[in-house]
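**Q** 1 is the number of the first residue of the sequence shown in the working numbering; add one for each residue after it.
Glycine included, every Cβ here is placed at the ideal spot set by N, Cα and C.
Treat the numbers as computed from the prediction; the structure is a model and nothing was measured.
Shown below is the structure under consideration.
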Amino acid sequence: MKPAPSLILFTTLSGTGFGMLGWLGLELLQGVAPRPIDLALACALAIAGLLASVAHLGQPLRAWRAFTQWRSSWLSREAWVAAFTLLLALLMLLPGWPLARWQGLPLAVLSLGTVYCTAMIYHSLKPVPAWQIASVPASFVTLGLYSGAAVLLWSNPWRNYEWGVFCAVLAVLPATQKLRYWKAVDALALPSGSAAVGLSEGAAVANFEAPHTEQNYLTREFWFQVGRRHRQRLRQVVMLAAFVVAPAAMLAHVVWPAWRLPLAVVSLIGLTVGLLCERWLFFAEARHVVERYYRPDDSDVGPSGQR
């Protein structure tokens with residue numbers, strides 16, 4: 001699949017923003033009122049991500065129609081849950097709003113529900129086998145919780161050292177999920193060309209000629225090839241930046257609190273680079289079954305028939 005920048009920004013920013021709102025909701029449930037600046041930052045990240053997703057639409061002015069298909073579309077469900085989440089969070093920002101502990105529960109549930117709906121947009125697409133892997137929803141949610149917790153750590157100078165240790169330990173969860181996902185992706189293969197035309201396995205199927213000589217929507221959006229060596233290097237960048245450098249800076253903050261600012265810069269840069277690379281790989285490594293129409297086998301042939 002084509003790793004569109006708008007989708008990369010959408011899933012990264014909104015996941016972090018709603019992850020922050022989820023933690024703020026859990027803290028409110030325990031009697032800790034969220035700081036207005038934390039609420040505002042979380043809402044800003046979430047809204048920025050949603051706006052990036054609108055930019056990906058062919059007709060952005062028709063984005064409102066997504067709200068009408070909630071019975072069958074995970075995109076529509078995400079739109080509704082995100083709207084309710086942001087409405088509640090923005091109400092909490094109003095001066096004089098009667099903040100109560102019970103409001104933390106719907107804020108946390110709706111926030112994590114939004115991230116889950118985002119994951120299900122991709123997980124529900126059967127023509128993309130990589131996104132059918134069972135760990136996709138859990139990976140989205142754990143990454144959102146981890147990135148949200150990390151931003152909250154550095155945005156609030158009064159957060160105690162235990163929060164830094166917690167964030168560093170929490171990184172193990174999404175890192176484990178990604179390793180399991182990549183292992184499953186490497187073991188996946190598209191349905192064979194013989195199966196695609198209803199023949200028994202082992203039957204030779206080849207293109208007599210290319211379907212067409214020019215690119216079309218299918219080849220532009222659903223056809224993307226990434227080299228194995230390039231893919232492995234990017235995976236190493238993800239693990240090193242997001243799950244080694246960023247947590248190490250969090251733990252270093254526990255030992256050297258006076259170095260909070262430079263450690264925050266290192267941690268947030270590592271987290272941002274790692275998450276963007278991870279999301280790029282999520283789209284780039286996904287292969288759509290329409291590829292079999294242009295390439296019945298796994299030979300290195302492009303959509304126009306050229307090697």
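Any idea what DSSP makes of Ser124, helix, strand or coil?
**A** Three-state result, Ser124: coil.
**Q** Of the residues Val273, Leu99, Trp280, which one's Cα is nearest the Cα of Gly25?
**A** Here the closest residue by C-alpha is Leu99.
**Q** Give the straight-line distance between the Cα atoms of Glu285 and Ala108, rounded to the nearest whole angstrom.
**A** Roughly 31 angstroms separates the two Cα atoms.
**Q** Alpha carbons only, please: which of Asn160, Pro34, His230, Ser72 is nearest the one belonging to Glu278?
**A** Comparing Cα-Cα distances from Glu278 to each of Asn160, Pro34, His230, Ser72, the minimum goes to His230.
**Q** Using the C-alpha atoms, what's the distance from Thr142 back to Ser111?
**A** About 13 angstroms.
**Q** So what does DSSP say about Met1, is it helix, strand or coil?
**A** The answer is coil: DSSP assigns Met1 none of H, G, I, E or B.
**Q** Between Phe140 and Gly15, which are expected to be in contact by the criterion C-beta below 8 angstroms, what is the C-beta distance as a whole number of angstroms?
**A** Confirmed, Cβ separation roughly 7 angstroms.
**Q** Between which two residues does the alpha helix (DSSP H) carrying Gln236 extend?
**A** Note, Gln236: alpha helix (DSSP H), 228–240.
**Q** Counting Cβ pairs, one atom from each stretch, are 3 or more of them under 8 angstroms apart for the region 30–40 and the region 90–105?
**A** Yes, since at least three Cβ pairs between the region 30–40 and the region 90–105 fall closer than 8 angstroms, the two stretches touch.
**Q** How would you label Ala150, buried or exposed, when you count the other beta carbons within 10 angstroms and need 16 or more for buried?
**A** Ala150 is buried by the Cβ-count criterion.
**Q** Identify whether Ser135 lies in helix, strand or coil by the three-state DSSP scheme.
**A** Reduced to three states, the DSSP call for Ser135 is coil.
**Q** Please work out which residues of its chain come closer than 7 angstroms, Cβ to Cβ, to Pro303, disregarding the five sequence neighbours upstream and downstream, and give them in chain order.
**A** Annotation note: pLDDT 47 at Pro303 (below 50); position unreliable, coordinate value reported separately. Result list for Pro303: Gln215, Thr219, Trp223, Tyr294, in chain order.
**Q** Can you grab the Cα-Cα spacing for the pair Leu39 / Leu93, in whole Å?
**A** Answer to the nearest angstrom: the Cα atoms are 7 angstroms apart.
**Q** Skipping 5 residues on each side, what residues in its chain have a beta carbon closer than 7 angstroms to that of Arg308?
**A** Because the chain is modelled from 1 through 307, residue 308 falls outside the range shown and cannot be assessed.
**Q** Mapping DSSP to helix, strand and coil, what is Gly319?
**A** In this structure the chain extends from 1 to 307, so residue 319 is not present and cannot be described.
**Q** Whole angstroms are fine: how far does the CA of Pro257 sit from the CA of Thr12?
**A** When rounded, the distance between both Cα atoms is 28 angstroms.
**Q** Let's see if you can read the secondary structure: which residues bound the alpha helix (DSSP H) around Ala184?
**A** Start and end: 172–187.
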